[in-house]
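Below is one structure, written out as structure tokens, with a few remarks after it.
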Amino acid sequence: MILRKYMSMLGIGSAKIDLQLPKLQYTPGENVSGIFLIEGGTIDQQIKRIECDLIMTSPDEEREEVIGTSTILSTKVIESEETNKMDFNFLLPKDIPCSAPDRIFQFKTRLIFNEGVKSADLDKIKIIQ
0 MILRKYMSML GIGSAKIDLQ LPKLQYTPGE NVSGIFLIEG GTIDQQIKRI ECDLIMTSPD
60 EEREEVIGTS TILSTKVIES EETNKMDFNF LLPKDIPCSA PDRIFQFKTR LIFNEGVKSA
120 DLDKIKIIQ
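Per numbering that gives the first Met the number 0, the sequence shown runs over residues 0 to 128.
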């Protein structure tokens, strides 16, 4: 049991998060709704918070800009091998630019625990008119 605890603190067998969205294309001002799917690891872990940033990246210039952030504070314990779902909602700004070859949008999600390394997930979306 102690070995599994230390392994999860290193990221081996720790809980994982996945943002699941019903579609990949959105318009400016639209509400993006989906779910966070949280799968427990080999031991019980206490969630500290879930952070989800909408990032605009420019691959050519290797630059990132945070468009907005959603944070959920929690004291929930994810039991080993347990699967949980949490609602996700994010209102896109009305003045957000559309996607282009040099402008990529993605949600960067992080599951942060009281102990152990964080779990991360990236989900690309496309902004269209």
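All residues carry an ideal CB built from backbone N, CA and C; glycine is no exception.
Can you tell me whether residue i is buried or exposed? The criterion is at least 16 other CB atoms within 10 Å of its CB, across all chains shown.
i: Ser32; result: exposed
i: Gln44; result: buried
i: Cys51; result: buried
i: Glu114; result: exposed
i: Leu121; result: exposed
In the DSSP assignment, what are the bridge partners of residue i?
i: Asp101; result: Beta-bridge pairing links Asp101 to no other residue.
i: Ser69; result: Cys51
i: Ala119; result: Arg109
i: Leu90; result: Asn30
Quick one: what's got a C-beta closer than 6 Å to residue i's C-beta in the same chain, skipping five residues either side?
i: Ile66; result: Leu53 and Met55
i: Gln24; result: Lys125 and Ile127
Please report the distance separating the alpha-carbon of residue i from that of residue j.
i: Ile103; j: Lys125; result: 7 Å
i: Ala14; j: Phe89; result: 23 Å
i: Thr41; j: Thr82; result: 12 Å
i: Asn30; j: Ala119; result: 22 Å
i: Thr70; j: Lys117; result: 14 Å
Near residue i, what residues of its chain come up, given a Cβ to Cβ distance below 7 Å and the 5 sequence neighbours on each side ignored?
i: Lys46; result: Strictly speaking, residue 46 in this sequence is Ile, with Lys absent from that position. Counting only Cβ-Cβ distances below 7 Å, and skipping sequence neighbours, we find Ser73, Lys75, Ile77, Leu110 and Phe112.
i: Ser7; result: A caution first: Ser7 carries a pLDDT of 43, below 50, which makes its placement in the model unreliable, though a value can still be read off. Cβ within range, chain order: Ser13, Gly40, Thr41, Ile42, Gln44 and Gly115.
Are the CB atoms of residue i and residue j nearer to each other than 9 Å?
i: Thr108; j: Ile34; result: no
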